[in-house]
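J.: Below is one structure. I have some questions about it.
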Amino acid sequence: MIIARTKEDLRHAMREMAGDGRSIGFVPTMGYLHEGHASLLTAAREQCEVTVLSIFVNPLQFGVNEDLEVYPRDEARDVAIAESCHTDIVFIPSVQEMYPTRPLTSVKVSEITEELCGASRPGHFDGVGIVIAKLFHLVKPHRAYFGMKDAQQVAVIEQMVHDLDFDVEIVRMPTVREADGLAMSSRNVRLSAEQRHQALVLSNVLKDAGFWLKQPEMTVDSLLEAVRTEIGKMDEAEIDYVELMQYPSLQRVPANQRLLEASGTVILALAVKFGATRLIDNALYTIGER
Ligand code: AMP
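According to this note's numbering, the residues represented by the sequence shown are 1 to 290, in order.
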């Protein structure tokens, strides 16, 4: 496995490994890898000839009061996991390497960034857009793998790829969960034992919602109210948002619409803080198909 720390090293490694036109699968991450990341690497390994992983905690996608400084990091462990997933190249640039000067170019996807994490974290998706655009140019992947744990991010990147004609296939990967249902996240290590226990409400309520939204009288508002009530039973939980939207357009479903009368794919998206740790989770449901 080659570890590249500079763009020049990466270009050299790419020429060496994939210069003959071999297919490239790419998994961009912020490191502190877990089985969710590993599932993306394994899919890339199975579907492409060369697997590239990037590990970069991108400061541009963190707000001023967010957890950039305390974001968990463990390069040695990440490299070992990457190796065990048969990764060919790991790109681990410094901030200086990625942004030698302050970028004056922005990659801004409108509309689908206006709600959910885009509303709670102003500028977050602009940071995601620029770093993914740069990484796509550097790695030139045929396929790039993203987890539906970050469903809004997937929608944003699919839109960016479509609008800017990036020659890459975006592969949506399912959320990998702990045995008890908690969505795997690098941030889970920051939860206390009690918070970790209470955080199970997120995956449990997503499951319950799958049944609730089939009830004949259920409207968007009443569903969201039921979800908020369940989460509110946890004394450490502080709701950032609970939303039901069409996916991937992230358009609103009218609040008083009965769900049985709607149709298409909707996302129930949750962002909840447990102490200082903000967790997100979501589920997609197909509604109105009789
Ligand atoms: P991150 O390191 O958190 O930026 O995540 C890097 C990639 O891994 C993103 O595409 C995430 O959506 C994906 N990912 C994170 N957690 C999970 C999970 N539990 N299951 C599947 N993919 C995940």
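Ideal Cβ placement from N, Cα and C applies to all residues, glycine included.
For clarity, every value in this text was computed on a predicted model and none was experimentally measured.
Buried or exposed: which applies to G19, given that a residue is buried once 16 or more other Cβ atoms fall within 10 Å of its Cβ?
T.: Around the beta carbon of G19, fewer than 16 other beta carbons sit within 10 angstroms, so the residue counts as exposed.
J.: Write down the C-beta distance between I267 and Y241 rounded to the nearest angstrom, noting that I regard them as a contact closer than 8 Å.
T.: About 12 Å; that fails the 8 Å criterion.
J.: Do the CB positions of V90 and I24 come within less than 9 Å of each other?
T.: no
J.: In this structure, how does DSSP classify T101 when only helix, strand and coil are distinguished?
T.: coil
J.: Output the residues surrounding ligand 1, defined as those with a CB atom closer than 6 Å to any ligand heavy atom, in chain order.
T.: Near ligand 1, residues with a Cβ at less than 6 Å from any of the ligand's heavy atoms are T29, M30, G36, H37, S39, L40, F146, G147, K149, D150, M173, T175, V176, A183, M184, S185, S186; the list follows chain order.
J.: Below 6 Å CB to CB, which residues in the same chain sit around Y145 once its five sequence neighbours on both sides are set aside?
T.: V27, L40, A43, A44, V171, M173
J.: Would you call F211 buried or exposed, if buried means 16 or more other Cβ atoms sit within 10 Å of its Cβ?
T.: exposed
J.: Consider the Cβ of S203: report whether some Cβ of chain B lies at a distance smaller than 9 Å.
T.: Absence of chain B from the displayed structure is noted, only one protein chain being present.
J.: What do you get for C203, buried or exposed, if any count of 16 or more other CB atoms within 10 angstroms of its CB means buried?
T.: It should be pointed out that residue 203 corresponds to Ser in this sequence rather than to Cys. Under this definition S203 is a buried residue.
J.: Alpha carbon to alpha carbon, how far is I280 from A199? Give it in angstroms, no decimals.
T.: The alpha-carbon separation between A199 and I280 amounts to approximately 10 Å.
J.: Per DSSP, T87 forms a beta bridge with which residues?
T.: According to DSSP, T87 bridges with nothing at all.
J.: Just how far apart, CA to CA, sit A295 and P216?
T.: Since the first residue of the chain shown is 1 and the last is 290, residue 295 is not available in this structure.
J.: Since R15 contacts V50 with CB under 8 Å, what's their CB separation in whole angstroms?
T.: Contact doesn't hold; Cβ gap of about 11 Å is too wide.
J.: I'd like to check one pair, Q159 with I130: are the Cβ atoms closer than 9 Å?
T.: no
J.: Give every residue of the same chain whose Cβ lies closer than 8 Å to the Cβ of T105, excluding the five residues on either side of it in the sequence, and list them in chain order.
T.: I130
J.: Find out if the Cβ-Cβ distance for the pair I92, A4 is shorter than 9 Å.
T.: Yes. Within cutoff.
J.: DSSP three-state label for M30, please.
T.: coil
J.: From the DSSP output, in three-state form, read off A342 for me.
T.: Residue 342 is absent from the structure shown; the chain starts at 1 and stops at 290.
J.: Since I believe D88 is in contact with G31 (beta carbons under 8 Å), could you give me their beta-carbon distance rounded to a whole number of angstroms?
T.: At roughly 18 Å, the Cβ-Cβ gap does not stay under 8 Å, so G31 and D88 are not in contact.
J.: Could you give the distance in angstroms between the alpha-carbon of V293 and the alpha-carbon of L135?
T.: The chain is shown only over 1 to 290; residue 293 falls outside these bounds and no answer can be derived.
J.: Taking the straight line between their C-alpha atoms, what separation do you get for Q195 and H12?
T.: 45 Å
J.: Mind checking whether V272 and V176 have CB atoms under 9 Å apart?
T.: no
J.: For F274, collect the residues of the same chain with a Cβ closer than 7 Å to its Cβ; drop the 5 residues on either side in sequence, then sort them by chain order.
T.: L191, Q195, Q198, A199, E236, A237
J.: Please state the DSSP three-state secondary structure of E66.
T.: coil
J.: Taking buried to mean at least 16 other C-beta atoms within 10 Å of its own C-beta, is S110 buried or exposed?
T.: exposed
J.: Looking only at its chain, what residues have a beta carbon closer than 8 Å to the beta carbon of P122, apart from the 5 residues adjacent to it on each side?
T.: G63
J.: Output the distance between the C-alpha atoms of L224 and K207, rounded to the nearest integer angstrom.
T.: Rounded to the nearest angstrom, the gap between the Cα atoms of L224 and K207 is 14 Å.
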